Each structure stands twice: as structure tokens, then as C-alpha cells.
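J.: Below you'll find the structure I mean.
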DNA sequence: GTAGGGTTAG
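Quick look at the structure:
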């Protein structure tokens, strides 16, 4: 380094950056980094180094190289040209280049350069391996990682702590948790990074129990832990709903004044939200003095996972007032919220925004879009997005198949399932739920039976209770009530109330009193207080002409104090979501809504509508029953839609319960009288009402 | 000069 202390004076045509230096630092890297601001500076320094022959000093050139890597964004071009001019690059020069490539996320190029280094017989040193292993981790390149591991042993670096820690990380990120653990267990002197690498490895593989278990061991070992440790553990607490440990860490953070760590607080917010403490999470979020896109996304997803989707969208709007730009991850939660709320217009705007910002249509984002359009009853939108996705996986195909099935396009769903098979994408258990419900909607009984039987035989997927439920729906919907009953009785697992309720609904549609009563008995053994079941049974009796029994069931329900869950319907107009509750007259526009509803009911009555008072609430006085039925949330929302949207446009409603018989009947007539297509999403499926009939063929 | 970290889909 002697040459540097006699660093020559500035050239004749001064370079401001250098001439202003009164005393030359001993370390040329400091000099170059401090003085260079852009490519021009670097060029001038480079020229200067040539003049002063310092270009032949590998150490100086490495520092120039490093500056080039850090200062020039998005390109390694200049760094490459410097590297090429180094006479015989040693391992340090290669290290700088490899680090640079990794810094620029060119992991693949880093591995190529490493291979070249070996070809040129340059021995990697202890600093080479951690970097190159990082590239392998990020690429999930297990094969390369293993070869590098062998070289580490050959070079005698296998007890280097840095290298061991990166090896753990590499194996874990490539899914080889046992190998990672083996390396971990073999380390006698474990430092915080050793533990953190293993913890992060378990976390990345979603092995949350092991994260918590290992953290307890870590505490016992006396190593101590840091913020990085807590981030992995908090993530695990969220997934496991382990609020106790999460809170312990939360208190530790508070006590040690660590609230300034953005990543740490974000994982704390995520933990609280996933443990059901969304308001606590929001409190922390509000206290943050800086929030990046991940913090915003975590809070938005927190609301959406807690089923507080309106608040998720409100927060997204708040975010847009800041200068933090949302990313694909943010959009996934936003779209999910739109799909829960049935907010088609808002979601469409989000889709437009995604396109405008040229966001990458990742598999996750694409799948969220496919699911969103399907859940908003716009299946054409789903198909369009799906066809544009550059990459699809089993999630995306499942979303599409399920979406088609729910929207009454069973046959098309099965065609896509066939295509998926041809593309060698392996269906999983969830895919089969979509496929079986497609059979149900399309009335394909034999096809359904075949697919059900093929699950374990051809795909090694054991049917779960949900799949049995789908089979019951297929048989019941087709009117094969006895067979459905037998099917339940012969199930290898204990049928649950959901399965029996499916059969109960079939009995209502096919007027089978005997099995309906039996199904009801089975349900109330485990779930005695579900109002919908009493109503279904009462309707079954009524349709079989047994009005006294129907009334008895209703009274039973009243005696047991089982109240009908309050119905709630949503309609979105101009991106604004309006919420209606049955017989709700406290909302600010209720006067307008009630007069519109009365007008609507008057018009459909003259077209032949007769109220079905069996659907009225129980405590309504006899002569108020008709009014009670006419004030169901769904009718209020439709009436509001009729007066607030242009003639001929589609009205879209989402509701929390199943559609009741009276509303179903009324909506059919409304669609005809007012010449409107009406799409209603109930808690199970879609009803596309058009010209007096419904896509569900009166079975739901 | 080298290692470990936060948000997302069916």
C-alpha cells in the first residue's frame, strides 16, 4: 500500500472531486467511494489511475470495480469492462464481481462467473463461498449448491462459521431441511446467525412449529437473540395463532426500544393481525414514523384476513394518498377484499391500475384476479385474465375451475380440467372440490362418480369430508335422495353437519319429507342452533302440504330462542359499497329505498308475484308478514339498484345468507318486468337472473 | 470485503 501514501497530485485539467482533497486517505476505496457520484466521476478516476499506473494495482482496481457496481444502477457493463482489464484477476477481484452480480440480482450470472473462476484455476477464498451460496439459495439451485459444498470441504473451509451459516441457509431454501439441520447440529460454536439461518429456513418452508421449538432451544442455549430472530418467530406466531409467545416478544421489543425497526414492527403487525388482534395491529401501524410498501401490505392483508374487507379497501385508499407505491402483493389483498365484498367495479379499477403501472402478472396476482372476477360473477373476466397469464400453476387452474362451477358453467369447468391434465399440471385435493361441484352444477352424475372414484386410484388423493359433501350434492341435486342417504351412511368418516345440510337442501328441492326429517335430526345433534336448518325443514313440510308441522318447526325455533341470522346484502355503485340489512330503516337513504321497494313490489305483483309468507320472520304479526318479506335486505338492495343505475344495466348483489324462496321468486319476476339481468351471489353460489328465470334452475 | 429478516393466491 506504499504507493497510495504517495498518491500523485492532481492532473493539469482538474477533476474537482479529486483536486479538492487536501489529504489523501490511506484506503483508496474510501477515496473513490467518497468522491464519485456518477459514471463521469468514475471515468475520470479510471483515467487518472491509468495515468498514474495504478491500474496495475489489483487492490486499487478492485475498489474501482466495487464503486462501479454500487454507483451505477441496473448495469454491470462498466464493471465488466474494468474487470476485463485486470491483468490476472485474483479471488478478491472475482469476489467483487460476484458480489456485484448478486447485488444486482443477477444470481445466475454470478454462478456462471464462479464457474469461470474455477476454469481459470483461481482458488476461491473464504469470502467467495458465502456470496456464491447466496446466489444458489435465491435460485433454489440445489445441484450447484451441493457441488460448492464439496469444494468447500476440499478447500478446507468447512469449519468457517460464515460459510457454515450460509450452507444452512442454502440447504433450507432449497427445501433440504434435514441436510440444513444436519449442518446446524454439527456446529459446536453456534452464533446468532447460525440460529437465525436455521429459524429462517424452517420459516421459509412453513414449518412453523419447528421455528417456535428451535427458538425455545435458542433461548436455553444462552446465545441470545436479535431482531432477525424475532422476525422469524413472530411470523411463526402469526401462523400458529400463538398470541402468548407473540405478546412476549412484543413486550421485549417495547422494553428494549426496538420499535424503530421497520421489518420487525411489520412482522409484529402481521402477528397481531393473524392472531385476530387487528385493532392492536392497527395501533402499531398508526404509531410507525415510516411505512414502506410491505408495512402497508401487511396491514391491508391483516384486515382482509380478518374479514374486515371494507377497512382493507379504506386503508388501500389511504395508502394511495401517500407516495408509497403498492406492489403485486398489495394488490393481491386488495383484490381478495373486492372479491369478498363482490365489489366488481372497484376490482376492475384495480385491474386497470395493475395494467397501467405495468405490474408483473405473477402467478399469485393472476390467480387473485381470476378468483376475483369469478367471485364477482364475471366469469368472462376470469377466463380473459387466465388466458393472459404467462405462468399458471395448480392454484390458478383450481381458481378457474371452481369459478366456472359456481357460475353454472359446469361443462366448461370440466373441459378446463381435461386441459389441465393434458398440460401435466397435477390436480390436488382443492382442485377436486371444484371439479366435483362442476359435475353437480352440470348435473353430470356418472361423470361425478367416476371422478370421485379416480381421486385415490389415479391421483393418490384420499377424499376428505368436503369431497363426500360434493358427492352428496351431485346425487341430491339429481334427485337421487335415497342413494345420497346411503352414500352418507357408508362414508368411512363421520359425516358432519355440512354434509347433512347438503342433503337437507336436496330434500327441500325434491320435496322428500322422510329423509329431510332424518337429515335435520342428524344436524341438530351437533349444531342445534342454526336457523337456516329450521327454515329448510319447515319449508320441506310446507311443500309436502304438512302446514301444521311446518308451523311446529317454526315455533320450536322460536321457543329455543333461535333467531334468523340478520340478512345483509351489498350493492356497489360507482365504486361505493352500500350495505342493506333486513327491515333496516336507519340508513340515511332509507326513505328513498323504501319507496323504491314499494314501487318495485307493486309492479311485480301486477305481473303475478304472490308473497311467500313462510319466509317471513317469526315475530312478525300475521298481517305484517308480507311487509316483512318485502323488506328482506336483498329486495332493498335490488330496488336501490333499479333507481340508481341506468336502464338495461346488470345489477349485482352479494349477500351473506342463502337466497330465500320468496326473494328468488321475486327476483326472477323483477328481471323480467324491469328487463334487467340480476346477478346475486349468496353464501354458496351465483344466481344469474334473466328474463324471468335463474341459472340455478331453481335448485340452490 | 463474507452470513440470517417483514407483506400475497385456489
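In our numbering, the protein residues as written are 629 to 1328. For each residue, glycine too, the CB sits at the ideal point set by N, CA and C. If you're wondering where the values come from, they're calculated on a predicted model, not measured in any experiment.
(1) Mapping DSSP to helix, strand and coil, what is residue 827?
(2) Just the C-alpha distance for residue 1281 and residue 1004, rounded to the nearest angstrom, thanks.
(3) In chain order, what residues of the same chain have a beta carbon less than 7 Å from the beta carbon of residue 1299, not counting five sequence neighbours either side?
(4) Can you tell me whether residue 652 is helix, strand or coil according to DSSP?
(5) Closest by CA to residue 1121, which one among 839, 1193, 1093 and 688?
(6) Please state if the CB of residue 1112 and the CB of residue 1131 are separated by a distance shorter than 8 Å.
(7) Taking the Cβ atom as the reference point for each residue, do residue 868 and residue 840 lie within a distance shorter than 8 Å?
(8) Output yes or no for whether 8 Å exceeds the beta carbon distance between residue 995 and residue 1033.
(9) Cα separation between residue 887 and residue 976?
(10) What are the boundary residues of the alpha helix (DSSP H) that residue 1266 is part of?
(11) Quick one: give me the first and last residue of the beta strand (DSSP E) that residue 1208 is part of.
(12) According to DSSP, simplified to helix, strand and coil, what is residue 853?
(13) Our contact map puts residue 1221 next to residue 1267 with C-beta atoms below 8 Å; I'd like the distance itself, whole angstroms only.
(14) Determine the direct distance from the alpha carbon of residue 1038 to that of residue 1077, and round the result to whole angstroms.
(15) Just verifying my parser: in three-state terms, what is the DSSP assignment at residue 906?
(16) Which residues mark the beginning and the end of the alpha helix (DSSP H) in which residue 965 is found?
(17) Which term fits residue 1217, buried or exposed, when burial requires 16 or more other beta carbons within 10 angstroms of its beta carbon?
(18) Give me the Cα-Cα distance between residue 1324 and residue 1035, rounded to the nearest whole angstrom.
(19) Does the Cβ of residue 876 have 16 or more other Cβ atoms within 10 Å, making it buried, or fewer, making it exposed?
(20) Within 10 angstroms of the Cβ of residue 1086, are there 16 or more other Cβ atoms? Answer buried if so, exposed if not.
(21) Return helix, strand or coil for residue 755, following the three-state DSSP convention.
(22) From residue 1309 to residue 1008, what distance separates their C-alpha atoms?
(23) From 1098, 1262 and 844, pick the residue whose C-alpha is nearest to that of residue 1080; which is it?
(24) Taking all protein chains shown into account, do 16 or more other C-beta atoms lie within 10 angstroms of the C-beta of residue 1001, making it buried, or fewer, making it exposed?
(25) Going by alpha carbons, who is nearest to residue 763 out of 1270, 740, 1128 and 870?
(26) Do the segment 1181–1193 and the segment 949–959 touch if we need at least three Cβ pairs shorter than 8 Å?
(27) Which residue wins for smallest C-alpha separation from residue 1066, given the options 1043, 1088, 909 and 833?
(28) Which one or two residues does DSSP pair with residue 1155 in a beta bridge?
(29) Pick out whichever of 1223, 668 and 800 has its Cα sitting closest to the Cα of residue 1211.
(30) Output yes or no for whether 8 Å exceeds the beta carbon distance between residue 1141 and residue 1172.
(31) Buried or exposed: where does residue 1311 fall if 16 or more other Cβ atoms within 10 Å of its Cβ makes it buried?
(32) Taking 8 Å as the threshold (C-beta atoms), are residue 1063 and residue 1096 in contact?
(33) Does DSSP put residue 1181 in a helix, a strand or coil?
(34) The alpha helix (DSSP H) spanning residue 1196 covers which residue range?
(35) What three-state label does DSSP hand residue 1318 in the structure shown?
(36) Enumerate in chain order the residues of its own chain whose CB-to-CB distance from residue 1167 is below 6 Å, with the five nearest sequence positions on each side excluded.
T.: If we stick to the structure as given:
(1) In the structure shown, residue 827 sits in a helix (DSSP, three-state: H, G or I).
(2) Approximately 9 Å, taken between the alpha carbons.
(3) Excluding sequence neighbours, residue 1299 sits near 1305, 1306, 1317, 1318, 1319 and 1320.
(4) Model confidence at residue 652 stands at a pLDDT of 42, short of 50, so the residue's coordinates are unreliable; what they give is reported in the following sentence. It is coil, neither helix nor strand.
(5) For the set 839, 1193, 1093 and 688, the Cα lying nearest the Cα of residue 1121 is the one of 1093.
(6) Yes. Within cutoff.
(7) Yes, Cβ-Cβ distance for residue 868 and residue 840 is below 8 Å.
(8) Not closer than 8 Å, so no.
(9) Spanning the two alpha carbons is a distance of roughly 37 Å.
(10) Its alpha helix (DSSP H) spans residues 1261–1272.
(11) Here the beta strand (DSSP E) through residue 1208 covers 1204–1209.
(12) Residue 853 falls in the coil class under three-state DSSP.
(13) Yes, residue 1221 and residue 1267 are in contact; Cβ-Cβ is about 6 Å, under 8 Å.
(14) Cα to Cα, residue 1077 sits roughly 15 Å from residue 1038.
(15) Shown here, residue 906 sits in a helix according to DSSP, grouped into three states.
(16) The continuous alpha helix (DSSP H) containing residue 965 extends over residues 956–969.
(17) Burial call: exposed.
(18) Spanning the alpha carbons of residue 1324 and residue 1035 requires a straight line of approximately 9 Å.
(19) Here residue 876 is exposed: its Cβ has fewer than 16 other Cβ atoms, across all protein chains shown, within 10 Å.
(20) That one is exposed.
(21) Correct three-state label for residue 755: coil.
(22) One C-alpha to the other measures close to 16 Å.
(23) Checked all of 1098, 1262 and 844; the closest Cα to residue 1080 is 1098.
(24) So residue 1001 ends up on the buried side.
(25) For residue 763, the nearest C-alpha among the options comes from 740.
(26) The segment 1181–1193 makes no contact with the segment 949–959, as fewer than three CB pairs between them are under 8 Å.
(27) Ranked by Cα distance from residue 1066, the first of 1043, 1088, 909 and 833 is 1043.
(28) According to DSSP, residue 1155 bridges with nothing at all.
(29) Checking every option, the nearest Cα to that of residue 1211 belongs to 1223.
(30) Taking 8 Å as the Cβ cut-off, residue 1141 and residue 1172 qualify as a contacting pair.
(31) Flag for residue 1311 reads exposed.
(32) In this structure, residue 1096 sits away from residue 1063, with a CB-CB distance that is not shorter than 8 Å.
(33) Residue state, collapsed to three classes: helix.
(34) Note, residue 1196: premise wrong, no alpha helix (DSSP H); beta strand (DSSP E) at 1196–1201.
(35) In this structure, residue 1318 counts as strand in the three-state DSSP scheme.
(36) Excluding positions up to five away in sequence, the list reads 1136.
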